[in-house]
Amino acid sequence: MPIDLPGVDRVPEGNHRKLLLRLHRLYNVAGRPATRAISQMTRKNPRLEPVSHETVSALFRGDPLPAWSKIRSIIIVLCRAADQPVDVDEELSVGVELCSSASRNPAPRPEPEPEPDPEPHPPVEIRPPEPVAEVIVHGRLPERDPFFTGREPQLDLIHEHLTRDPHVPVVVHGPLGVGKTQLIAEYARLYAPEYPIVWWVDARDLDRATTSLVELAKRLGIVPSADRRQTLDRLFAAFGRARNYLLIFDGVRSSDIRALIRTIGGSVIVTTRDATWARDSAYRDVEVPDFDPGEVAQYLRKRGRDAAAPGAFGSMPLALAEFCRNPSAPSAGEPVLAEVRSALSRLGPDPGTVRLLTLLAGFGSGPVLVPLLATAARREVPAELRALLKDQIALRRRLAALVQAGLARRSPEDGIEIPALIRLAVRDLLPDAAGERNRDHVREILVAADPGHPEDRRTWPTHRAIGAHLGPAELVDWHHPAAYRTVRHQIRFRFLDDDIAGARRLGERVETALAARSPSARTDEAVLQIRRYHANALRAAGRYPEAEALTAEMTARLAADPAYTDHPVALDLARGRGHDLRIAGHYQRALELDEETLRGHLRFFPEDDYRTAASRYNRGVSLRLLGRFGEAAADDEAAYLRLQARIGVPDGAFHRLLNAIAEDLYGLGRYREIGRRLTAVLTHGEGRELLRARRMSGVAARRLGDPGGAAEELAACHQACLVRVGVARELTLAVAMSWSGALREFGRLREALDVAERTEQQYEQALGADNPLVQVARVNVVATLLAMGRAEPARQIGTEAYVALRGRLGAEHPFTVAAVTNLASAMALEDPASARGISEEAWRSAREVYGESHPDTLLAAANFAADGGSSPSLDAVLGGLRRSLGPGHPAVLEVARGARAIAHIEPPSA
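With the first letter of the sequence shown counted as 1, position 497 gets the number 497 in UniProt numbering; the numbers rise by one all the way through.
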């Protein structure tokens, strides 16, 4: 029979009635189930306190409220039975507040009608109610660790939970040794003044917890009963009348403790190693992490130790204590071993759980992804491993058992992590965990899970998961083709993920391992690929001579080995060799090698293979560095169209080509088109490609007449390059040169000169004094000196730069054209008559390189006209500039006023 809301004569207006109104609303959306059905639902959930159907009926009739734990159970089952979404947390939060308020301040009930005097009865003994705790009862807390450190975020979070929802239990969880007990003891000391009752319960088992609560009952003046359950009932009834309290159940291991967790009128904190408690929606959870680096340093300094983190021990408080006890021998002490033995004894009879723990102890710090284990089980691994890992249900059950025992912690990305200190203990207690057999099994899993080449970004999460365990598995030292393949992919992944230092360090470890092997190992195909990626990492790190030496050595080895004649590996190596030639300033030789390499790629691979695409891209870079922008643009546009026709191409490939097209457009003088082509990169790009796009966006803004906006954008881009790429790197220095040009045109001449001169010095330090880019930087220094009117140093530096560039690159190269343009302007400042011949050379060279209508050709022609040249006329030049740049462009106005145009070089990026 449906339950009706009692009238106000039975439950007057107030918090009790408000609670009933919410309960009846939940009852209606749950389909108005029978009271027995509600009772059965509470009994079916082991996490809820069971409620009899009589209690359900009495509650809905408006009888005095039962314990909050009973009401909580009813609210949860009604929410779950509802036919529409209901916020369980909100209902519990509001319900406990109404329940608590109604219990403390019951609304007055109407006076009943007078009844006839009853027949006399024998007198009955009236027992006084159990005492209500108004006195302060603070139980004994664990002894404070004198080196307790940090934990402010966790302390604040616990306090926030208990302030917002004081009657919702807070579960504090984490593995063995992470410092849960000391954290909560510190919380209790900090906030004890807020609670009349603070009681610490040893909750390792139900008997100890019950004994502790009975002791609290005695302290509160409750007469104990022979039946301890009755004593607890009286205690909880007293809690219902108490003003406030804090109960701490420390070290909970089993679910039977839930029966003792009843919150009405007070707060409860539970500490446990079992993270499954945190998944109960009726609780708030706080996970205790390892110490952060600052806490590690602070703790060690308190202990009088060096503040360096002891990596072998990990960064849990117990691990750091072990390190301070015996820093020279990374091993778990006897107290830790005893705790781990105890945890192992509770894992149950399944030998597979212990075997899984043994296996996991062979991995390194960081989570071991469950999908990684599952992938390995489906591939070529030993039968013993396949049997352990293939049953995913059993695997996850065993992992859950390790978490419940406090030997592991879950990670958000579906992984499992064995803390370093526990790994040490497991290796001491389980000899197989430290053995070669277990290490081989870890290696087998890592190479089996390798998802292949990392050019596809969808593989990156797996590559990242594998990378955390290469060192502990000693994969670099495993002389096995599969290991070489995985290490090669790891170096490349780190390179693509902008972890250049990580890629370089891994490559150096390979070189160290190879030094102990026979010389023939260095010509193994997989090893050559590893070393090629190492050279790429050295190059990206700005260690150009080392990269060139490594590439040259490998090229010589392949040339002497007939097996590598016209071999794909030789082509891969040639792409790296082309990089070295471009960085060294040998642009023509680089183009010749790039064209030969591209022909080789087309023989071995299809047009849409990533290696062919990389080879074609390299050819485009060399074309731009030689000023052949039209050819580069045609190639890059065709490559972009081919990419668009393919499905599933990573964004990074598109972004790289769009940046190349933007640089082509700049060289062609089509500045207005650059912004449109870079929109996708600026919106969705990342890493180096985003930095390249930001640079070209700023360069386009300068050439379109917005030097202030360009200076601001390029300053931010330069700072980002310093952070992400490094100081003396090709891209960072190119951005610095662009920035100096924007500062000059914006009128900040002193700052522009400082940036230009510093960039020149950094180019010389990184690439050597004879590199063309050093002279390019000097041409840009001359540009700022001209703007400052400093004719003599501009002429002197300009002459040296022009002679060097003409001798190295030829007269008809964009760098040389800019150099001679500025040299003519410098000469015009000192002796206008002497400048005409040089300015004519600048105009004619620009016309050959760029064509008649290019803005740089027109600006060189304007200078020639200013020096007395009759053709083209100044009117014709200004007409061309208005068409290409717009009538209101600052450069047009400056030329119309008779000012000389100044050239600035923007070198293409590699």
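Backbone N, C-alpha and C define an ideal beta-carbon position, used for all residues, glycine too. Because the structure is a prediction, the values reported are computed rather than measured.
Straight-line Cα distance separating residue 293 from residue 321: For the purposes of this step, residue 321 is taken as the residue at position 321 of the sequence shown. For the purposes of this step, residue 293 is taken as the residue at position 293 of the sequence shown. Rounded to the nearest angstrom, the two C-alpha atoms are 15 Å apart.
Inter-residue spacing [alpha-carbon to alpha-carbon] between residue 821 and residue 664: Taking the first residue of the sequence shown as position 1, residue 821 is located at position 821. Taking the first residue of the sequence shown as position 1, residue 664 is located at position 664. If you take the alpha carbons of residue 821 and residue 664, they lie about 22 Å apart.
Between residue 526 and residue 607, what straight-line distance do the alpha-carbon atoms span, to the nearest angstrom? The residue labelled residue 526 in the question sits at position 526 within the sequence shown. The residue labelled residue 607 in the question sits at position 607 within the sequence shown. Cα to Cα, residue 526 sits roughly 24 Å from residue 607.
Under 6 Å Cβ to Cβ from residue 661, same chain only, skipping five residues before and after it: list those, please. Within the sequence shown, numbered from 1, the residue matching residue 661 stands at position 661. If we look at residue 661 and ignore the five residues flanking it on each side, its Cβ neighbours are 636 and 677.
Starting from the Cα of residue 902, find the closest Cα among 840, 177, 824 and 887 and give me that residue. On the sequence shown, residue 902 is found 902 positions in, with the first residue counted as 1. When each option's Cα is compared against that of residue 902, the closest is 824.
Quick one: is residue 559 buried, meaning 16 or more other Cβ sit within 10 Å of its Cβ, or exposed? In the sequence shown, residue 559 corresponds to position 559, counting from 1. Exposed is the call here.
From 696, 490, 397 and 865, residue whose alpha carbon lies closest to that of residue 658: As a working mapping, residue 658 is identified with position 658 in the sequence shown. Among 696, 490, 397 and 865, the Cα nearest to that of residue 658 belongs to 696.
Whole runs of the alpha helix (DSSP H) within the region 624-652, excluding any shorter than 4 residues: 629-644
How many whole angstroms separate the CB atoms of residue 416 and residue 367, which I take to be in contact at a CB cut-off of 8 Å? Here the question's residue 416 lines up with position 416 in the sequence shown. Here the question's residue 367 lines up with position 367 in the sequence shown. Right, their Cβ atoms sit about 6 Å apart.
At which residues does the beta strand (DSSP E) containing residue 271 begin and terminate? Counted from its first residue, the sequence shown places residue 271 at position 271. From DSSP, the beta strand (DSSP E) with residue 271 extends over 267-272.
Assign residue 263 to buried or exposed, taking buried as 16 or more other Cβ atoms, counted over all protein chains shown, within 10 Å of its Cβ. What you label residue 263 is simply residue 263 of the sequence shown in a count that begins at 1. It counts as buried.
Residues near residue 204 by beta carbon distance below 7 Å, same chain, minus five either side: On the sequence shown, residue 204 is found 204 positions in, with the first residue counted as 1. Correct list, in chain order: 251 and 253.
Pick helix, strand or coil for residue 202, following the three-state DSSP scheme. The sequence position of residue 202 within the sequence shown is 202, counting from 1. Reduced to three states, the DSSP call for residue 202 is strand.
Express the C-alpha separation of residue 509 and residue 610 in angstroms, rounding to a whole number. In the sequence shown, residue 610 corresponds to position 610, counting from 1. In the sequence shown, residue 509 corresponds to position 509, counting from 1. Near 27 Å, if we compare the C-alpha coordinates of residue 509 and residue 610.
Outcome for residue 684 when other beta-carbon atoms lying within 10 angstroms are tallied against a minimum of 16: For this step, residue 684 is matched to residue 684 along the sequence shown. Answer is exposed; the Cβ neighbour count stays below 16.
Which whole runs of the alpha helix (DSSP H) in the region 525-591 are 4 residues long or more, in chain order? 525-540, 544-559 and 568-583
Exposure of residue 503, with buried meaning 16 or more beta-carbon neighbours within 10 Å: Position 503 of the sequence shown, counted from the first residue, corresponds to residue 503. It is buried - the Cβ of residue 503 has at least 16 other Cβ atoms within 10 Å.
Which ranges does the alpha helix (DSSP H) cover as unbroken runs of at least 4 residues, wholly within the region 249-333, from first to last along the chain? 293-302 and 317-325
Report yes if the C-beta distance between residue 472 and residue 442 is below 9 Å; otherwise report no. For the purposes of this step, residue 472 is taken as residue 472 along the sequence shown, with counting starting at 1. For the purposes of this step, residue 442 is taken as residue 442 along the sequence shown, with counting starting at 1. For residue 472 and residue 442, yes; Cβs fall inside 9 Å.
Going by alpha carbons, who is nearest to residue 353 out of 324, 723 and 387? The sequence position of residue 353 within the sequence shown is 353, counting from 1. Of the listed residues, the one whose Cα sits closest to residue 353 is 387.
In whole angstroms, what is the alpha-carbon distance linking residue 26 and residue 57? As a working note, residue 26 is residue 26 in the sequence shown. As a working note, residue 57 is residue 57 in the sequence shown. Rounded to whole angstroms, residue 26 to residue 57 spans 15 Å at the Cα level.
Own chain, CB closer than 6 Å to residue 808, minus 5 neighbours either side, in chain order: In the sequence shown, residue 808 corresponds to position 808, counting from 1. The answer, listed in chain order, is 772.
Name the two residues that bound the continuous alpha helix (DSSP H) containing residue 689. In the sequence shown, counting from the first residue as 1, residue 689 sits at position 689. Counting along the chain, the alpha helix (DSSP H) containing residue 689 begins and ends at 687-703.
Which first and last residues belong to the alpha helix (DSSP H) in which residue 684 is found? For the purposes of this step, residue 684 is taken as the residue at position 684 of the sequence shown. First-last of the alpha helix (DSSP H) with residue 684: 672-684.
Beta strand (DSSP E) segment containing residue 410, residue limits: The residue given as residue 410 occupies position 410 in the sequence shown. Segment 409-411, the beta strand (DSSP E) holding residue 410.
Just to confirm the assignment, what range does the beta strand (DSSP E) spanning residue 416 have? The residue labelled residue 416 in the question sits at position 416 within the sequence shown. 415-417 is the extent of the beta strand (DSSP E) around residue 416.
Around the Cβ of residue 180, are there at least 16 other Cβ atoms within 10 angstroms (buried) or fewer (exposed)? Here residue 180 refers to the residue found at position 180 when the sequence shown is read from its first residue. Buried.
Does DSSP put residue 195 in a helix, in a strand, or in coil? Within the sequence shown, the letter at position 195 stands for residue 195. Note: residue 195 maps to coil in three-state DSSP.
First and last residue of the uninterrupted alpha helix (DSSP H) at residue 173: In the sequence shown, the residue the question calls residue 173 occupies position 173. Not the alpha helix (DSSP H): residue 173 falls in the beta strand (DSSP E), residues 170-173.
Would you decide whether residue 512 is buried or exposed? Buried here means 16 or more other CB atoms lie within 10 Å of its CB. Indexing the sequence shown from 1 puts residue 512 at position 512. Per the 10 Å Cβ criterion, exposed.
What did DSSP end up calling residue 34 once you bin it into helix, strand or coil? Start at 1 with the first residue of the sequence shown, and residue 34 comes out as number 34. Correct three-state label for residue 34: coil.
How many whole angstroms separate the CB atoms of residue 705 and residue 890, which I take to be in contact at a CB cut-off of 8 Å? In the sequence shown, the residue the question calls residue 705 occupies position 705. In the sequence shown, the residue the question calls residue 890 occupies position 890. Indeed, because the Cβ distance is near 5 Å, the residues count as touching under 8 Å.
Of the choices 536, 102 and 457, whose alpha-carbon is the least far from that of residue 63? Translated into the one-based positions of the sequence shown, residue 63 becomes position 63. Ranking the options by Cα distance to residue 63, first place goes to 102.
Report back the beta-carbon spacing between residue 742 and residue 698 to the nearest angstrom; my notes put them in contact at under 8 Å. Taking the sequence shown and counting its residues from 1, one reaches residue 742 at position 742. Taking the sequence shown and counting its residues from 1, one reaches residue 698 at position 698. The Cβ separation is near 7 Å, so the contact holds.
If you draw a straight line from the C-alpha of residue 703 to the C-alpha of residue 671, how long is it? The residue given as residue 703 occupies position 703 in the sequence shown. The residue given as residue 671 occupies position 671 in the sequence shown. Cα to Cα, residue 703 sits roughly 7 Å from residue 671.
Under 9 Å between C-beta atoms of residue 483 and residue 274: Locating residue 483 in the sequence shown gives position 483, counting from the first residue. Locating residue 274 in the sequence shown gives position 274, counting from the first residue. Cβ atoms of residue 483 and residue 274: not closer than 9 Å.
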